[in-house]
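Below is one structure, written out as structure tokens; comments come after it.
Residue numbers (this note's numbering): 5 to 366.
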């Protein structure tokens, strides 16, 4: 198909129609720094897939953007084609939260004296086009955190395809489709609801696995005069700033209820906590870092985030000075036990799929 025919194909997709706005391919000719950065991010994700064994699972796929104020992203699948679509509203919202977090905190620039080299991809974009600051390192950290945030969203949606979550969300008579459950506000089928939650956390987790692979490639390109421990320590901070910015941007701030697992998605606050814990654990172990010191950095990010929420006039509740009852960590931990079992099953299924594909290609 031509580009025009491809766009017409995706424009008719039910999920695109629900998001509203005009869907299109990313455009290199547009003088929009966010779009140019997203193009770099998608190119980096394509490179990751080329070196990852799971690449054989996917057929052709497209990266799309939809000009819509809705803050969302989606994994689209139809026939033998796959796509990832991000809304311009989500990109803008994430950028604003990252900017406020970086400008409102001295954590990064004070504790990591050099320009941040820990980004998996060294973004070519000029950070001054995104934010004005006399502190060049602050600008560079902003660009790295924003790039990593967009990378996480893109890899999360790709993970829905790579992990074949659509199959997990079909019931015995094949009538319960992934695309349908994605947009339901109320999921009455408790089994489907739990599977949907597991799939979202699994996509978060697998996206972080892919990010870890990218970071390992970044380590190889690290300048010889850069301290390795500082590399991994700054990686923790950059990724956690990116993660909390994404999940806060996705939060519907009109809903001021305590966290619960009644809707189609697991609570975004819990997803942020789980993802940040995974990042801290992996890179602390990888870099042989001090647990307490790294935990202090991550705690400071949450403190800075609360101040950012107040600047954004987000009322007290889940993200701002939550009570123990509102944050519901015990509920999160109870759910994680079931998720681990689900994740193990998907790992085994994915391994078998890759083995079958490899044997068929011989």
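In this text, a Cβ means the ideal position worked out from N, Cα and C, and glycines have one as well.
Given the structure is predicted, the values throughout are model-derived calculations rather than measurements.
Leaving out the 5 sequence neighbours to the left and right, which residues in its chain are closer than 8 angstroms to residue 86 when beta-carbon positions are compared?
-> 62, 63, 64, 65, 66, 79, 80, 165
Residue 22 versus 211, 55, 76, residue with shortest Cα-Cα distance | 76
Ignore the nearest five residues each way along the sequence and tell me which others in residue 325's own chain have a CB closer than 6 angstroms to its CB.
-> none
For the region 89-96 against the region 300-311, are there 3 or more C-beta pairs whose distance is under 8 angstroms?
-> no
Close beta carbons around residue 357, own chain, < 8 angstroms, minus the five adjacent residues each side | 61, 168
DSSP three-state call for residue 333: helix, strand or coil?
-> helix
Could you say which of 162, 107, 198, 161 lies nearest to residue 149 if we only look at CA atoms?
-> 107
Own chain partners of residue 298 with C-beta closer than 6 angstroms, once the 5 adjacent residues on each side are dropped | 240, 284, 288
Determine the DSSP secondary structure at residue 69, reduced to helix, strand or coil.
-> strand
Those residues which DSSP pairs with residue 309 across a bridge = Partner(s): none; residue 309 has no beta bridge.
Alpha helix (DSSP H) containing residue 157: first to last residue?
-> 140-166
Cα separation between residue 296 and residue 235?
-> 17 angstroms
Is DSSP giving residue 88 helix, strand or coil here?
-> strand
Thinking C-alpha only, which one of 252, 171, 157 is nearest residue 209?
-> 157
Verify the CB distance criterion: does residue 220 have a CB-CB separation below 8 angstroms to chain C?
-> Protein chain content of the structure displayed is limited to a single chain, and chain C is not contained in it.
Residues bridged to residue 81 by DSSP?
-> 86
Would you kindly work out how many angstroms separate the C-alpha atoms of residue 57 and residue 37, rounded to a whole number?
-> 32 angstroms
Rounded separation between residue 199 and residue 143 - CA only = 40 angstroms
According to the neighbour-count rule (16 or more other Cβ atoms, all chains shown, within 10 Å of its Cβ), is residue 275 buried or exposed?
-> buried
State buried or exposed for residue 319, treating a residue as buried only when at least 16 other CB atoms are found within 10 Å of its CB.
-> exposed
So, residue 305 versus residue 250, is the Cβ gap smaller than 8 angstroms?
-> no
With a CB to CB cut of under 7 angstroms and the five nearest residues on each side skipped, what residues in its chain are close to residue 279?
-> 208, 212, 247
Residue range of the unbroken alpha helix (DSSP H) whose run includes residue 289 | 272-290
Can you tell me whether DSSP reads residue 32 as helix, strand or coil?
-> coil
In this structure, does DSSP put residue 20 in helix, strand or coil?
-> helix
Measuring CB to CB, does residue 214 end up less than 8 angstroms from residue 52?
-> yes
Cβ distance (whole Å) where residue 98 is taken to contact residue 153 below 8 angstroms | 5 angstroms
Enumerate in chain order the residues of its own chain whose CB-to-CB distance from residue 252 is below 6 angstroms, with the five nearest sequence positions on each side excluded.
-> 101
On the DSSP bridge assignment, give the partners of residue 359 in chain order.
-> Bridge partners of residue 359: none, in fact.
Using the rule of at least 16 other Cβ atoms within 10 Å of the residue's Cβ for burial, across every protein chain shown, is residue 103 buried or exposed?
-> buried
Inter-residue Cα distance where the pair is residue 281 and residue 292 = 16 angstroms
Closest Cα partner of residue 39 within the set 15, 273, 89 | 89
Counted within 10 angstroms of its Cβ, other Cβ atoms place residue 355 as buried (16 or more) or exposed | exposed
Closest Cα partner of residue 29 within the set 70, 161, 145 = 70
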